[in-house]
Every structure is written in C-alpha cells, then in structure tokens.
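Chains as they are written, first to last, in full-length UniProt numbering: chain A, 1 to 250; chain B, 1 to 250.
Quick reminder that beta carbons are idealized off the backbone N, C-alpha and C, glycines included.
For reference, the structure discussed in these notes is given below.
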C-alpha cells in the first residue's frame, strides 16, 4: 500500500489536501488505478515526519539547510520512500509497469519543462491571488500562521493587483489552450501524461480553496471553452482509489 | 523547391545566416532531407521582402503595427508561403509526410513550451553576452547599426555582467542536461524532434558568431560532458541539402 503525505486542511474525505504537487500524484494514482492512503499533516510537521520515515529533502533553504516538502510517499510493497512529485510519478511508472505510463518514452525532458512553465504561470500569477483571500474557512490555524510569517507578500495585495494577477493567469493559460486542439482533453491530445498531472494539480487546489459554489470556481470551469472542466471531469469519471481513514482527523 | 529567408552576414557558403530561428528550419530540412536555397537579406529589408512574396507578419511592434521577422519560406512545389519557425516546421511535417516528423504525435504542446523555455534561457542570458561583443568581423554594417539603435542595452554590458550572464546560461543549460540521459543525443532520447531544432538553432549561431577557433566556442562544445557537441555532430553527419547560390553575395 502506498501512503502519500500532504498538508492538512479542515476539509474531510476526498477534499482533504492542500498542495498542488501532492494533487499531481493523486491524479497519477487514480489514472493508474493504484490504491493509496493520504496522510495529512500540519505544515510545521513536514520536516519531522519526512525525517522519521527517511524521506529525502527536495531542496535547500536560504540558510543552506535542507528543505523538506510534500509530497513524499512510502510504498509498503517495495519498501521505497520517494520525495518530489516528478520523482514519485517516475517511480510509479517503473514500479507499476502494468499501469499507464505518465512519462511516455522520449518525453521526459519535455514533461519536465512543461511542469516548470506551468508552475511559473501559477506561482507568479494565481498563487498570490488566492493566497490574498486567506484565511479561508478550510485552513488550519497553523497554515494561516505559516503564510502570515513566511509569505507576507501574498496577504498584502491591493484589489488592482489581484485583478491584474487573475487577468495574466487567464491570458497565459489561454496561450496554452491555443496550442491544444479544441476537442483535446489532455496536453498530449487523447493520451494522459505528467503534463496533465501538473495542470490538474494546480486547478483542483483552486476548487477546494474557493469552494465549488463560488463565482471564481465557476468562471475557472467555463474558461477557454470549458477546456479545464473537461480535465477535471476526466479525473472524476474514474473510480476513486483513495482509501479513506477510519479517523477523519488524520 | 523551398526558398528560406534569413538575415545577411559576411560569411559565405553554409556559414551564412544569422537568426537562430532560421537555423531551426535548416536543421529540420537537413534531417528531413529536403533541398532548399537560402536567401540572405539585410535586416532592414525583411519587411519589404516578406510583403513582396505575401509572407505574413509574426507579431506586433510596440506601436501596434505588424512586425515581420525571419524565417519565412516560399515553397514552389505547393505554392505556400509560411512565416515563423514553428509554423514552418509544422507545415513541412504535413507537406512532406514521407520525411521524419519533427513534432511527433501528441507532443505539440510540450514542444511549444520547450521552445519558449529555451528561448528564455538564451534570450535573457547569452544573447546579451554575445551581442556585447558586437560588431564581429562577420556582421554587415547594417546589422551593426540596427543593433546600436534598437538594442542599445546589449552593447553596454560590463565585464562582470557578461560573466554573470554566461554563468547563468551555463547553469540553466546544465539543468536541462540533467534531465537528459548521459548518452542521449536528442531531447527525446534517440529520436530527433522540434526541441532539437530549437537547441541547435541557438547553439550554432554562437559558432558562427564567435568563430570556430575561439576559446568560447571550444568551451561551449566541451560543456556538460560534450552533450551539445554531439547535437552539432549529428547535424554535420547528415548530407547537406542546402543548394549554394551561384552568386555568393546573395
């Protein structure tokens, strides 16, 4: 069984989970049909939890010390512990070769650059926009506090800056949509791949951040001819592979 | 017969041509084995030449008027005139289906994003570095003048800024190299694609800009385990398909 680690929210059930990078892995696991359990921990517990199971850091902090991030996984079938979404999904392709490959042969470099590009669109445009709406009713107190201390720039946007960010995000995502065929569901056309994990991860977080009933989410789903809603639908049309915990607070 | 348009240099024969985007097309034509003639024009004649054959603009100037750029092609076999390197290479895949496809099925979006990412590496890091070494003995007087007026920022770099640019370029290209397998020649492994047109175009221009015997070019060819020299070699190992003009000044 695979245990996947994410950051805690006050949502329960399949709506739990805060990191777009963890959602990439959840998307891949669902398309692969591999069951998993999700462990949601407070943002301040990531480092200790990662160390306790032997998950490696994924980068360095400004002071040079190792930085630990979600997602990381522990796979009881193989005994492996893997950090970082691209590494995890690449591992799943190799360890579960009977499932659909998310990094089709020859596309590794291209998938990596696509992920970087999409992260730049979201990170520079939309992340500050939704972060400025914090705290939401679904955030834990610890997450709110972490953002207040570590990302103060996100909570100081003027309405004009929010509007500008949202417009840039829409426009850059529109450029991506233009490269795709009108009827395509996936970035590679009729074939799912890591590129879709990336897009799905960034978009689905907005759903649980804004909540399904908000104008923002509805606008997101109608954007670019409803292209992104088709990706969301493709995910929900597949059987759920997440095994819900008996203790709903975990 | 395909006629391909580029900007003039004082180089002759197959060393002619200044634009990394035109070199993308030359790379594709050589891998496809499609003969072509290269017409090199002065930078100030691009717009009039494009208009005279009906080649479309590729963007807009700051004042909103249409901007014309190289490359553009005229294909006497089909009567088509196409502007912009990605569009041209996509056209060649369709019009010459018996040749190797540069945009393998399903990779269109990924190839487009890769091209953007590589252009950002070159455009922001190395272009100012080599532009600051202008004028070279191979530049036409008109090109020198154009750069002096239109890109004054490129000719005002301090030695420290040049050094910094070169180091950032090396480091970002190194990140790309890390995504590739040690023995891979192409971005997709053993299969050539548009991604290689992009890399080749940016690198080969440095060769003719610096000249083959310079320390800079030799350093470039030894970078990252000689990875980029293998790409250059793959191109030169194929038969030349460029038909040289009788008038060497054209």
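If I measure Cβ to Cβ from residue 251/A and keep anything under 8 Å in the same chain, skipping five residues before and after, which residues do I get? Residue 251/A is absent from the model: chain A starts at 1 and stops at 250.
Going by the CB atoms, is the gap between residue 89/A and residue 31/A shorter than 8 Å? no
Since residue 93/A sits in a beta bridge, which residues does DSSP pair it with? Answer is none; residue 93/A lacks a bridge partner.
query: Relative to chain B, which residues along the segment 96-126 of chain A have a C-beta separation below 9 Å, given in chain order?
result: 104, 105, 106, 107, 108, 109, 110, 111, 112, 113, 114, 116, 117, 118
* Asked: Quick one, which residues of the segment 177-192 of chain B are near chain A if we go by CB-CB under 7 Å, in chain order?
  -> 179, 180, 187, 188, 189, 191
Original post:
Listed in chain order, which residues of the segment 194-224 of chain B have Cβ atoms closer than 9 Å to some Cβ of chain A?
Top reply: 195
Requested in this report: Throw me the rounded Cβ distance for the residue 187/A and residue 177/A pair, which I believe falls under 8 Å.
Outcome: Not a contact, Cβ separation roughly 10 Å.
I'd like to know if the segment 59-70 of chain B and the segment 221-237 of chain A are in contact, where contact means that at least 3 CB-CB pairs between them fall below 8 Å. no
Query - 8 Å Cβ cutoff met for residue 242/A and residue 14/A - result: yes
Check your understanding: Is it right to say residue 1/A is buried, meaning 16 or more other beta carbons lie within 10 angstroms of its own, or is it exposed?
Key -> exposed
Strand pairing of residue 67/B, partner residues [DSSP]: 59/B
I believe residue 115/A touches residue 86/A by the beta-carbon criterion, under 8 Å. Please report the beta-carbon distance rounded to the nearest angstrom. 7 Å
By how many angstroms is the C-alpha of residue 165/A removed from the C-alpha of residue 42/A? 28 Å
Excluding the five sequence neighbours on either side, which residues of its own chain have a C-beta within less than 7 Å of the C-beta of residue 111/B, listed in chain order? 103, 193, 194, 195
Check your understanding: Hey, how far is the Cα of residue 251/A from the Cα of residue 215/A?
Key -> Absent from the model: residue 251/A. The displayed extent of chain A is 1 to 250, so no value can be given.
Could you pull the start and end residues of the beta strand (DSSP E) that residue 49/B belongs to? Counting along the chain, residue 49/B falls outside any beta strand (DSSP E), though it belongs to the alpha helix (DSSP H) covering 46-53.
Notebook entry, point to check: Buried or exposed: which applies to residue 107/A, given that a residue is buried once 16 or more other Cβ atoms fall within 10 Å of its Cβ?
Noted result: Around the beta carbon of residue 107/A, 16 or more other beta carbons sit within 10 angstroms, so the residue counts as buried.
>> Here's the rule: buried if 16 or more other CB atoms are within 10 angstroms of the residue's CB, otherwise exposed. What is residue 26/A?
In response: buried
Q.
For residue 153/B, count the other beta carbons within 10 Å of its own beta carbon; 16 or more makes it buried, fewer makes it exposed. Which is it?
A. Under this definition residue 153/B is an exposed residue.
Distance, Cα to Cα, residue 244/A vs residue 9/A? 15 Å
Around the C-beta of residue 48/A, are 16 or more other C-beta atoms found within 10 angstroms, so that it is buried, or is it exposed? exposed
Residue 24/B vs residue 201/B beta-carbon contact at 8 Å:
yes
Just list the residues that DSSP pairs residue 72/B with in beta bridges. Looking at the DSSP assignment, residue 72/B forms a beta bridge with 83/B.
According to DSSP, is residue 242/B helix, strand or coil? strand
- Message: If you follow the alpha helix (DSSP H) that residue 29/A is in, where does it begin and where does it stop?
- Response: DSSP places residue 29/A inside the alpha helix (DSSP H), whose first and last residues are 20-32.
Rounded C-alpha distance that separates residue 57/B from residue 50/B: Cα-Cα distance, rounded: 8 Å.
Report task. With hydrogens ignored, establish whether the beta-carbon of residue 190/A is closer than 7 Å to any heavy atom of the ligand ATP. Result -> The model on display carries no ligand, and the ligand ATP is accordingly not part of it.
Who pairs with residue 39/A in a beta bridge, going by DSSP? 5/A
Item checked: Under the three-state DSSP convention, the category residue 17/A falls into -> Residue 17/A falls in the coil class under three-state DSSP.
| said: Considering only the alpha carbon of each residue, which of 218/B, 67/B, 208/B lies closest to residue 16/B? | reply: 208/B
Residue burial classification, residue 137/B (beta-carbon count within 10 angstroms, cutoff 16):
exposed
Worksheet entry | From 240/A, 119/A, 149/A, 174/A, residue whose alpha carbon lies closest to that of residue 198/A | 119/A
Which class does residue 201/A belong to by DSSP, given the choice of helix, strand or coil?
helix
What are the boundary residues of the alpha helix (DSSP H) that includes residue 169/A? Taken as a continuous stretch (DSSP letters only), the alpha helix (DSSP H) holding residue 169/A covers 159-179.
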